[in-house]
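Before any comments, here is the structure.
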């Protein structure tokens, strides 16, 4: 019953259904052809990975006998790693002696500075004491001068009275004796004031001389300390020069036969350090790509020898585009944004680069291709290859 019914439907209604299928497919294709947006890629003529490397040549800095070596071909090193040690016993002894000299100068300087400070305080105190002593001597002199003036007046009065016979000779003799004693006391007070001033000046001169001597001693010790520091720095540098270190992180490239006990001369080659650097992609495009390539555009790279279906593609970005062609090609530099696992990071890996330069509909691409075909025969250089990666239509059914 059912097979018979199915055959009847095919005879009666099957033809319209079969015609509807190709019509629908053509309509869907037409919508995609007119409205879909596909990414346009510019393909390079050639491209390769480049690893920026710096090579550091390591030579023997001074003459010496090798007492230690860690130079091995292809050994990974870090900046500052010791590669070769030259004999340095004598230099180490000189450094120890210079350190001892420098350490001995420190306490001497401290003692001299402390003594200088004490002498300066003593000078200030002495000036105060000298001023007080001089003031006291000056007061005694003033008192003695007053006593002498009074005695002189009294002697003058008694002299007149003696001449008139009012006082006796004994009284007159006593008054004269008192006058002489007061004058002598005045002279003694004046001499004492002069002595105090002289002693204060002499003591101040002695202290100033001592201060000058201490300042000279401190200057000499500071000079010796500077010389000792410079000598120690020079000896340390000389000692450090006998320890050859890696100048940068990298791998030991060419190495010479450096064994313990070997005698090296200044300038003898020891090894080379090949330092790693950032990875970039350098690609060459035909001149037709000028104006279409710009910095910041996204790109992808397929490596020769590494199937992109298995290993994937390297994601990159355009960094710089040459302004003119050289040898018929335009140089473009790209940065590596993502490196798939399994692909070794080696210098010189070849491949091809595809740079996304825009979007267009399939109809525009067909018209562009037809227009390029109508322009005439192709030039000697191969034109830029354009690939389109289909995307879903933005609208429509």
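Residue numbers (the working numbering): 59 to 455. Backbone N, C-alpha and C define an ideal beta-carbon position, used for all residues, glycine too.
Alpha-carbon to alpha-carbon, residue j and residue i
i: residue 249; j: residue 191; result: 13 angstroms
i: residue 130; j: residue 314; result: 9 angstroms
i: residue 187; j: residue 213; result: 39 angstroms
i: residue 401; j: residue 382; result: 32 angstroms
i: residue 185; j: residue 258; result: 7 angstroms
i: residue 280; j: residue 150; result: 25 angstroms
i: residue 399; j: residue 406; result: 18 angstroms
i: residue 154; j: residue 287; result: 12 angstroms
i: residue 203; j: residue 260; result: 27 angstroms
i: residue 307; j: residue 126; result: 20 angstroms
i: residue 170; j: residue 148; result: 34 angstroms
i: residue 355; j: residue 132; result: 38 angstroms
i: residue 165; j: residue 276; result: 12 angstroms
i: residue 179; j: residue 162; result: 27 angstroms
i: residue 396; j: residue 319; result: 49 angstroms
i: residue 207; j: residue 242; result: 12 angstroms
i: residue 117; j: residue 303; result: 10 angstroms
i: residue 435; j: residue 136; result: Reliability of the predicted coordinates at residue 435 is poor, the pLDDT of 49 falling under 50, and the value obtained from them is presented with this limitation in mind. Roughly 58 angstroms separates the two Cα atoms.
i: residue 268; j: residue 253; result: 22 angstroms
i: residue 366; j: residue 358; result: 11 angstroms
i: residue 201; j: residue 217; result: 24 angstroms
i: residue 363; j: residue 107; result: 13 angstroms
i: residue 342; j: residue 97; result: 21 angstroms
i: residue 233; j: residue 189; result: 36 angstroms
i: residue 326; j: residue 173; result: 55 angstroms
i: residue 270; j: residue 140; result: 51 angstroms
i: residue 119; j: residue 392; result: 40 angstroms
i: residue 278; j: residue 256; result: 33 angstroms
i: residue 372; j: residue 324; result: 47 angstroms
i: residue 345; j: residue 353; result: 16 angstroms
i: residue 244; j: residue 215; result: 21 angstroms
Other residues of its chain near residue i: CB distance less than 6 angstroms, five sequence neighbours each side excluded
i: residue 220; result: 230
i: residue 336; result: 110
i: residue 59; result: Unreliable placement is indicated for residue 59, whose pLDDT of 48 sits below 50; the coordinate value is still reported in the next sentence. Excluding positions up to five away in sequence, the list is empty.
i: residue 194; result: none
Beta-carbon proximity list for residue i, same chain, < 8 angstroms, skipping 5 on both sides
i: residue 122; result: 144, 145, 146, 300, 321 and 322
i: residue 156; result: 286, 289, 290 and 293
i: residue 266; result: 181
i: residue 113; result: 311, 330, 331, 332 and 333
Expected contact under 8 angstroms - CB spacing of residue i and residue j to nearest Å
i: residue 414; j: residue 99; result: 6 angstroms
i: residue 411; j: residue 102; result: 4 angstroms
i: residue 388; j: residue 380; result: 5 angstroms
i: residue 177; j: residue 272; result: 6 angstroms
i: residue 160; j: residue 283; result: 7 angstroms
i: residue 409; j: residue 105; result: 5 angstroms
i: residue 317; j: residue 124; result: 7 angstroms
Proximity test, Cβ basis, 8 angstroms: residue i and chain C
i: residue 134; result: Within the model displayed, chain C is absent; a lone protein chain is all it includes.
Where residue i falls: helix, strand or coil (DSSP)
i: residue 67; result: Bear in mind that a pLDDT of 47 at residue 67, under 50, signals an unreliable position, so the model cannot answer this.
i: residue 281; result: helix
i: residue 271; result: helix
i: residue 107; result: strand
i: residue 258; result: helix
i: residue 143; result: strand
i: residue 317; result: coil
i: residue 312; result: strand
i: residue 250; result: helix
i: residue 239; result: helix
i: residue 224; result: coil
i: residue 300; result: coil
i: residue 113; result: strand
i: residue 324; result: coil
i: residue 100; result: strand
i: residue 123; result: strand
i: residue 338; result: strand
i: residue 118; result: coil
i: residue 333; result: strand
i: residue 233; result: helix
i: residue 135; result: strand
i: residue 307; result: coil
i: residue 128; result: coil
Residues near residue i by beta carbon distance below 7 angstroms, same chain, minus five either side
i: residue 152; result: 293
i: residue 312; result: 329 and 330
i: residue 210; result: 237
i: residue 296; result: 149
i: residue 376; result: 351, 352, 353, 354, 355, 357, 390, 392 and 413
message = Restricting to runs no shorter than 4 residues, where is the alpha helix (DSSP H) found entirely within the region 156 to 220?
response = none
request  = List in chain order: all unbroken alpha helix (DSSP H) runs of 4+ residues lying wholly within the region 343 to 417.
outcome  = 366 to 369
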